[in-house]
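Peer 1: Here's a structure for you.
6 protein chains.
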Amino acid sequence: MRENRLRTLWQDGKSAVNGWLGIPSAFSAEIMAHAGWDSLTVDMQHGIVDYQTAVTMLQAVSTTDIVPMARVPWLDPAIIMKSLDAGAYGIICPMISNRRQAEEFVSYCRYAPVGTRSFGPARAMLYGGADYPEHANDTVLAIAMIETAEAMENLEDIMSTPGLDAIYVGPSDLSLALGHPPRQDVPDGPVYEAQKHILEVAKRHGVVGGIHTVTPEYALRMTRLGYQLVTIASDTRLLAAKAAADVATVKEGLGT
Amino acid sequence: MRENRLRTLWQDGKSAVNGWLGIPSAFSAEIMAHAGWDSLTVDMQHGIVDYQTAVTMLQAVSTTDIVPMARVPWLDPAIIMKSLDAGAYGIICPMISNRRQAEEFVSYCRYAPVGTRSFGPARAMLYGGADYPEHANDTVLAIAMIETAEAMENLEDIMSTPGLDAIYVGPSDLSLALGHPPRQDVPDGPVYEAQKHILEVAKRHGVVGGIHTVTPEYALRMTRLGYQLVTIASDTRLLAAKAAADVATVKEGLGT
Amino acid sequence: MRENRLRTLWQDGKSAVNGWLGIPSAFSAEIMAHAGWDSLTVDMQHGIVDYQTAVTMLQAVSTTDIVPMARVPWLDPAIIMKSLDAGAYGIICPMISNRRQAEEFVSYCRYAPVGTRSFGPARAMLYGGADYPEHANDTVLAIAMIETAEAMENLEDIMSTPGLDAIYVGPSDLSLALGHPPRQDVPDGPVYEAQKHILEVAKRHGVVGGIHTVTPEYALRMTRLGYQLVTIASDTRLLAAKAAADVATVKEGLGT
Amino acid sequence: MRENRLRTLWQDGKSAVNGWLGIPSAFSAEIMAHAGWDSLTVDMQHGIVDYQTAVTMLQAVSTTDIVPMARVPWLDPAIIMKSLDAGAYGIICPMISNRRQAEEFVSYCRYAPVGTRSFGPARAMLYGGADYPEHANDTVLAIAMIETAEAMENLEDIMSTPGLDAIYVGPSDLSLALGHPPRQDVPDGPVYEAQKHILEVAKRHGVVGGIHTVTPEYALRMTRLGYQLVTIASDTRLLAAKAAADVATVKEGLGT
Amino acid sequence: MRENRLRTLWQDGKSAVNGWLGIPSAFSAEIMAHAGWDSLTVDMQHGIVDYQTAVTMLQAVSTTDIVPMARVPWLDPAIIMKSLDAGAYGIICPMISNRRQAEEFVSYCRYAPVGTRSFGPARAMLYGGADYPEHANDTVLAIAMIETAEAMENLEDIMSTPGLDAIYVGPSDLSLALGHPPRQDVPDGPVYEAQKHILEVAKRHGVVGGIHTVTPEYALRMTRLGYQLVTIASDTRLLAAKAAADVATVKEGLGT
Amino acid sequence: MRENRLRTLWQDGKSAVNGWLGIPSAFSAEIMAHAGWDSLTVDMQHGIVDYQTAVTMLQAVSTTDIVPMARVPWLDPAIIMKSLDAGAYGIICPMISNRRQAEEFVSYCRYAPVGTRSFGPARAMLYGGADYPEHANDTVLAIAMIETAEAMENLEDIMSTPGLDAIYVGPSDLSLALGHPPRQDVPDGPVYEAQKHILEVAKRHGVVGGIHTVTPEYALRMTRLGYQLVTIASDTRLLAAKAAADVATVKEGLGT
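Chains as they are written, first to last, in the working numbering: chain A, 1 to 256; chain B, 1001 to 1256; chain C, 2001 to 2256; chain D, 3001 to 3256; chain E, 4001 to 4256; chain F, 5001 to 5256.
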């Protein structure tokens, strides 16, 4: 079975740089797949992407060596299993708040007897190889998002869930959960402290820490903290930022 | 009928900044529509976009005041008329090389008795208004691309075509036509001189000059030459550039 | 943030006329958006519409001032939050039968600390404006459908749910729930009485009453009862009715 | 091979009532297929429909006995042949202006030795039957639109083209061609006279007359003239008209 | 209402041969609809198919007399009801493990007072007929998959669920559930015995037995056991097998 | 630039086995890409495939090493250039009948100064590499179909066209052209002789011979004649054949 390069990077103590796909297009996904990311995550939660389009995006990512992942919209076995069948090598699941949810999530990502994933890896076998059934349980990643007040109270329970590979901090929801406006790349204060605390608990349990950031600078800062999966913005945000900047330059030059 | 703001800008002697849409997605089109451009052109030639998708992109642009345009893949009445029916307020047509082609092109953009456009502005009336039929001939723009060796020999003939509103230089093809590798933002030399010459002939005939550029700096330089329609790169290129830059920053910081 | 005109109409004591979109097409949605409705609801429950298509329809509605809403297929946080992120200004949720469901529903429509909506308004910020995060909780509408036997027993509990903006009667399901064949525009009898009763309870709690009707006449009758959100038929039904009527006229004239 | 019921109706001296599909959706097409039309034409010229969507619409029509046809955007062998391969039982081709164009058009609809249609009826054999190759030339209809000034001068030449089954008048373009604003359902005057004249020439050559109308009344009037293929409006127009009328009734009743 | 031919076949004591659709295309669905199957099931669980595409596939199947069914991804009222509204004449639901789940499943397939299906058969009425509302409860099939360890312990409870029409064995998941690698067409041993046992319990309760197989030979063997609904492979698998075989023959002949 | 393995095979005197894609789906394309073909051709002529879908299929093929090609619907620069921009490494163009057409075709496939291809390889550079512009002219294949009576009279003229890489025989159209019913895998007689003659002329001019076949046996026979590009059937045909065969086996076993 094709290896999961994220696992390899992490085992080597390295950090992975993840891109985020919210534009529902296999072509923009392929453009992103040539930009140097270690992995790309199709965002079916806040991205404007649903399953049928997500599959074409996973195919586009598969034209390269980049690890394809999916963020699902909710803790729902249907979309988690469909995403895995479509060849996602990792699932990022939002709003995991307690041990039961964490266990359910992991269970949806693993075949029996470990879990409850239903068998039928239609596209996953094309991507992963004919021996996908034997190795899938040890290859695909189960990554739980930590972003609610309830989760902050259950960190030990969540992190100690057998089979949980990594956690992923969603700073906007975490800010809201802690009583602040939704912000990313928070420089200090309670949300920043929470990000540190989450990582410490994760590491203590051998769980990899991941986090969403907006700028390369903050991403690097997070890797220095010990986060080994850092996402920078999203295709949406990169496009919007670059377009606005270039237009502003011309408009300014034109004096309009 | 809703005005064509490009005409207004040009009549006021101003330059318009045009964005370019090659990603086949109405969502990326809507993102671009919020970045400050004066107009956006759906590229059905070299963009990965066909008519059915192009319509959804024109709709996305229509959620704002940005002028929607289309570049068609070839001098073909079917796609030119379909694009106008779909609400494009301007058509950029590639590889116009002589007077006959220029006349045919203009004719496809105008109803009888001026031209040969077939009547049926299904979406154009929703976008433009109920009086679209009366004013369409004076509102939609016919913009011919100048980019072949043959066109360089027929500039006077082309520019003097009645009803031709603007020309648009495609620097890559123009470079190839002049015996050079395909380049954009050419700083000087024969291709640059050609760009200047084309504009001079255009202006002499009261035709607006347009050109494709890659950077804001070059776009500004072109406006100083007198080009009044400047495109900067494309959604594809903006996304690719920004993603590659941000990834490189992190990778460099990580020492990988 | 762009206002929600339904709220304004209701605050002025006026009724809103809502259109219903079940044809999976952004073009038919745009046609409907030019027919004079106050709001348009993309029906993802009984309409032939799923999320990815729904987004293009919301974009089409956004080319006008019509308020865009969505009916979701079920009380499911994933699709409710995705619809809001896509720019829906109101969510109609089917089969709300008790207080717990009503509270969950409202919670999915509001950011913390009021509710549990996850943050990421990708398209909603383009449509609503940059200050969407601050005002969304007070702008988007949570509208619960009352259409089950269980709901009829829990009207007080449901209507008193904090944050519930409106209720919406589904007459067909309500008829079934009360032991009758599925009918709409019921002139009198127990279903009609139930429609009156539901409205009375709603008004007592300051909740706006909405209802699905088939004809303009019945819609008007409902507004006279006090319903402030009336839907007439659907694109599907309007098209089918008009086509059948026109064909019948010709066939009759032809004597076939 | 499945019969072409339009041929049968015409041979029996009857008129066929044709519906028009401009909404790019297989579901609206299926709704229309249940409204009683004799045939339905997918409009790839002024409808918002391209080939890939058109195929799904032809499939939807094929769930019933309604004869499926296509209007192509232009006299172009690619789209004519692709539409036939997709199972269209008739092709309406716009802007046929002279004998050469009429001959080319017919030729694209017929296999050698009669014509130049390329062989590969992928979906047509599923719809028509295994013996499609033998009978297609005698079954599918070639219908030329008469709507230009040039065509009015070449009526005899066009109508006498071997293999031309019917002509179809486009009143809007015909009006423009004769120097009038684009109108349909013209009650009298030169455009009306032209409609009569075209039909007379057609009948003299054994060619069936078809025409686009807006209302059932005018359609009937045309059948009384002798037109045997009458289209009433389009899905787009029927939906827009019915929606606007119903909304207006309610708005009037509400006093707004 | 159009009859459900599967019910007729079963009442006559006959077995039905079911095809499986996992390729997201209405054209491949139509090809399959001409291959002689008694029914075709659109697989929204392990097939690469989501609702919006599934509808177009159900339409394609409806161009013939083949009974259209859907396998849903999970026990979720939203997708079950949407599939029925789209015209599916049977729902195959995965991983039914106990009586409560079986009852919920049946309930989602039936209108009140029998069940809780919400009313709005938009496409189902086009396919089934105007009297669909009266007869749907007795026509559409509720088919529960038996494939988990928990289900094996609750067979009596599940099979005796009122309204359950049939069960369907998923051999791969059943194998996993029994501690074996995921296999299909198992010749003997505990999985084979389980397949026999499930059928015996089903028959005792008047429930039809269905099973997924890979080859015609095994399908026949299962019908001899008493299974009355046998699926052979899937479009995906048939295509992959035939393509690989033909390529291998040529490659072998070429000596490469 | 990524090599074109077909060129390599041919230079080594070997034959390539080509698959044919007529199902409009990136998933069926990916299935085919794992069946062992040397190249896969997306058929936009008789396949049910248009450009926008074709791109997703080319992406699917690009997840493997299989050479991606496209058959265009007609000798039309728009679709030929768009297909190349989308990453096709070869273009098969139907109905090339004389030298002028052959020259035009080759010209559309090559950048100036050799040809007239317009520059903008949006996806081709992602697939082929950053040096695509320099090497594209020598890498992508121009393959002309020989299948008309006129072509049979102009074989020398066509085959000697500079830059023509290969020819491709369409036996059905060739049969029609020679006055026979459309057949493939013709065992002998005039069509068979024509296939031999075409190859002889091709080889004399250093042009590779290609041909469409239905069975592996006939494909092998053609390679023994000297054809170096043999296509077997199509995804459509393979699926239809295998499904019909398996169903027939079961039905026969069931005695129905």
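The beta carbon of each residue, even a glycine, is placed where N, CA and C say it ideally should be.
A quick note: this is a predicted structure, and the numbers were derived from the prediction, not measured.
In this structure, what does DSSP give as the bridge partners for M2095 (chain C)?
Peer 2: Along the third sequence, one-based indexing puts residue 2095 (chain C) at 95. Its beta-bridge partners do not exist; DSSP assigns none.
Peer 1: Let me check one thing: in DSSP terms, what residues is W5020 (chain F) bridge-paired to?
Peer 2: Indexing the sixth sequence from 1 puts residue 5020 (chain F) at position 20. In the DSSP output, where bridge partners are listed per residue, W5020 (chain F) has F:T5041.
Peer 1: Assuming W20 (chain A) and D235 (chain A) make a contact with CB atoms under 8 Å, what is their CB distance in whole Å?
Peer 2: Residue mapping note: residue 20 (chain A) aligns to position 20 of the first sequence, counting from 1. Residue mapping note: residue 235 (chain A) aligns to position 235 of the first sequence, counting from 1. About 7 Å; that satisfies the 8 Å criterion.
Peer 1: Just tell me which of B:V1017, B:H1135 and B:G1090 has its CA closest to the CA of V1106 (chain B).
Peer 2: The residue labelled residue 1106 (chain B) in the question sits at position 106 within the second sequence. With distances taken between Cα atoms, V1106 (chain B) lies closest to B:G1090.
Peer 1: Which chain A residues sit within Cβ distance under 7 Å of S1028 (chain B)?
Peer 2: Against the second sequence, residue 1028 (chain B) aligns to sequence position 28. I23, S25, S28 and L239, listed in chain order.
Peer 1: Which same chain residues, not among the five before or five after N1154 (chain B), have their C-beta less than 6 Å away from its C-beta?
Peer 2: On the second sequence, residue 1154 (chain B) is found 154 positions in, with the first residue counted as 1. These residues qualify, in order along the chain: N1098.
Peer 1: Is the separation between the beta-carbon of V2191 (chain C) and that of S2175 (chain C) shorter than 8 Å?
Peer 2: For the purposes of this step, residue 2191 (chain C) is identified with residue 191 of the third sequence, where counting begins at 1. For the purposes of this step, residue 2175 (chain C) is identified with residue 175 of the third sequence, where counting begins at 1. Contact flag set, yes.
Peer 1: Is the number of C-beta pairs between the segment 5105-5123 of chain F and the segment 1036-1054 of chain B that are closer than 8 Å three or more?
Peer 2: Taking 8 Å as the limit for Cβ pairs, the verdict is that the segment 1036-1054 of chain B does touch the segment 5105-5123 of chain F.
Peer 1: Between A:M1, A:A233, A:P171 and A:Y132, which has its C-alpha nearest A1245 (chain B)'s C-alpha?
Peer 2: Residue numbering aside, residue 1245 (chain B) sits at position 245 when the second sequence is read from its first letter. With distances taken between Cα atoms, A1245 (chain B) lies closest to A:A233.
Peer 1: State the DSSP-derived secondary structure class of L254 (chain A), mapped to helix, strand or coil.
Peer 2: Sequence index remark: in the first sequence, residue 254 (chain A) carries index 254 (1-based). Residue state, collapsed to three classes: helix.
Peer 1: Go ahead and pull the three-state DSSP assignment for Y192 (chain A).
Peer 2: Locating residue 192 (chain A) in the first sequence gives position 192, counting from the first residue. Correct three-state label for Y192 (chain A): helix.
Peer 1: For chain A, is any of its Cβ atoms less than 8 Å away from the one on S1039 (chain B)?
Peer 2: For the purposes of this step, residue 1039 (chain B) is taken as residue 39 along the second sequence, with counting starting at 1. S1039 (chain B) does not count as touching chain A.
Peer 1: So within the segment 2123-2170 of chain C, which uninterrupted alpha helix (DSSP H) runs reach at least 4 residues, ignoring any that extend past its ends?
Peer 2: Whole alpha helix (DSSP H) segments, 4+ residues: 2124-2128, 2132-2139, 2149-2153 and 2155-2159.
Peer 1: Please compile the residues from chain E whose C-beta is within a distance smaller than 8 Å of the C-beta of L3075 (chain D).
Peer 2: In the fourth sequence, counting from the first residue as 1, residue 3075 (chain D) sits at position 75. What L3075 (chain D) touches in chain E: nothing, since even the nearest Cβ is about 27 Å away.
Peer 1: How long is the line joining the alpha carbons of D1012 (chain B) and L1229 (chain B), rounded to whole angstroms?
Peer 2: Locating residue 1012 (chain B) in the second sequence gives position 12, counting from the first residue. Locating residue 1229 (chain B) in the second sequence gives position 229, counting from the first residue. When rounded, the distance between both Cα atoms is 13 Å.
Peer 1: List, in chain order, every chain D residue whose beta-carbon is nearer than 8 Å to that of S5172 (chain F).
Peer 2: Translated into positions along the sixth sequence, residue 5172 (chain F) becomes position 172. Within chain D, the residues near S5172 (chain F) are F3119 and G3120.
Peer 1: If the cut is a Cβ gap below 7 Å, which residues of chain E does R123 (chain A) touch?
Peer 2: By 1-based counting over the first sequence, the position of residue 123 (chain A) is 123. What R123 (chain A) touches in chain E: I4048.
Peer 1: Using a Cβ-Cβ cut-off of 8 Å, state whether A35 (chain A) counts as contacting chain F.
Peer 2: Mapped onto the first sequence, residue 35 (chain A) falls at position 35. It does not: the Cβ of A35 (chain A) has no partner Cβ on chain F nearer than 8 Å.
Peer 1: Would you identify the three-state DSSP class for H3205 (chain D), choosing helix, strand or coil?
Peer 2: For the purposes of this step, residue 3205 (chain D) is taken as residue 205 along the fourth sequence, with counting starting at 1. Note: H3205 (chain D) maps to coil in three-state DSSP.
Peer 1: What are the residues that DSSP puts in a beta bridge with P5068 (chain F)?
Peer 2: Translated into positions along the sixth sequence, residue 5068 (chain F) becomes position 68. P5068 (chain F) is bridged to F:L5040.
Peer 1: Does any residue of chain A bring its CB to less than 8 Å from the CB of P4182 (chain E)?
Peer 2: Position 182 of the fifth sequence, counting from 1, holds the residue named residue 4182 (chain E). Output row for P4182 (chain E): interface = yes.
Peer 1: Taking the straight line between their C-alpha atoms, what separation do you get for V2055 (chain C) and F1027 (chain B)?
Peer 2: If you number the third sequence from 1, residue 2055 (chain C) lands on position 55. If you number the second sequence from 1, residue 1027 (chain B) lands on position 27. If you take the alpha carbons of V2055 (chain C) and F1027 (chain B), they lie about 9 Å apart.
Peer 1: Taking Y4111 (chain E) as the query, report the chain C residues whose CB atoms sit under 8 Å from its CB, ordered along the chain.
Peer 2: Along the fifth sequence, one-based indexing puts residue 4111 (chain E) at 111. Correct list: L2176 and P2182.
Peer 1: Keeping to the same chain, check which residues put their C-beta closer than 8 Å to that of T3223 (chain D); ignore five residues upstream and five downstream.
Peer 2: By 1-based counting over the fourth sequence, the position of residue 3223 (chain D) is 223. Contacts found: S3015 and V3230.
Peer 1: Nearest by alpha-carbon distance to S4083 (chain E): which of E:D4138, E:A4142 and E:H4034 is it?
Peer 2: Residue numbering aside, residue 4083 (chain E) sits at position 83 when the fifth sequence is read from its first letter. That would be E:A4142, whose Cα lies nearest to the Cα of S4083 (chain E).
Peer 1: Nearest to L3126 (chain D) by alpha carbon, out of E:R4071, E:T4116 and E:T4063?
Peer 2: The sequence position of residue 3126 (chain D) within the fourth sequence is 126, counting from 1. Ranking the options by Cα distance to L3126 (chain D), first place goes to E:T4063.
Peer 1: Could you spell out the range, first to last residue, of the beta strand (DSSP E) harbouring V230 (chain A)?
Peer 2: By one-based count along the first sequence, residue 230 (chain A) stands at place 230. Its beta strand (DSSP E) spans residues L229 to I232.
Peer 1: Might you give, ordered along the chain, the residues of its own chain that have their beta carbon closer than 7 Å to the beta carbon of M4001 (chain E), omitting 5 neighbours on each side?
Peer 2: Against the fifth sequence, residue 4001 (chain E) aligns to sequence position 1. These residues qualify, in order along the chain: G4128, G4129, D4131, Y4132, H4135 and T4139.
Peer 1: Who are the Cβ neighbours of Y168 (chain A) in its own chain at under 6 Å, not counting the five residues just before and after it?
Peer 2: Stepping through the first sequence from its first residue, residue 168 (chain A) is reached at position 168. For Y168 (chain A), where only same-chain residues beyond five positions count, the Cβ hits under 6 Å are I92, I143, M145 and G210.
Peer 1: Buried or exposed: where does P3181 (chain D) fall if 16 or more other Cβ atoms within 10 Å of its Cβ makes it buried?
Peer 2: Sequence index remark: in the fourth sequence, residue 3181 (chain D) carries index 181 (1-based). When all chains shown are included, P3181 (chain D) counts as exposed.
Peer 1: Nearest chain G C-beta to M3057 (chain D) closer than 8 Å, yes or no?
Peer 2: The displayed structure is made up of protein chains A, B, C, D, E and F, and chain G is not among them.
Peer 1: Buried or exposed: which applies to R2007 (chain C), given that a residue is buried once 16 or more other Cβ atoms fall within 10 Å of its Cβ?
Peer 2: Reading the third sequence from its first residue, position 7 is the one you call residue 2007 (chain C). R2007 (chain C) should be labelled buried.
Peer 1: Can you list, in chain order, the residues of the segment 4222-4252 of chain E whose Cβ is nearer than 8 Å to any Cβ on chain F?
Peer 2: Against chain F - using a Cβ distance shorter than 8 Å - the residues of the segment 4222-4252 of chain E are T4223, V4230, I4232, A4233, D4235, T4236, L4238, L4239, A4240, A4241, K4242, A4243, A4244, D4246, V4247, A4248, T4249, V4250 and K4251.
Peer 1: What do you reckon, are the CB atoms on K3196 (chain D) and L3238 (chain D) nearer than 8 Å?
Peer 2: Taking the fourth sequence and counting its residues from 1, one reaches residue 3196 (chain D) at position 196. Taking the fourth sequence and counting its residues from 1, one reaches residue 3238 (chain D) at position 238. Against a cut-off of 8 Å, the Cβ pair of L3238 (chain D) and K3196 (chain D) comes out as no contact.
Peer 1: Residues of chain D with CB closer than 7 Å to the CB of I2031 (chain C), please, in chain order.
Peer 2: Taking the first residue of the third sequence as position 1, residue 2031 (chain C) is located at position 31. By Cβ distance, chain D contributes T3236, L3239 and A3240.
Peer 1: Does P3190 (chain D) get closer than 8 Å to chain B when you measure Cβ to Cβ?
Peer 2: Working through the fourth sequence from its first residue, we reach residue 3190 (chain D) at position 190. It does not: the Cβ of P3190 (chain D) has no partner Cβ on chain B nearer than 8 Å.
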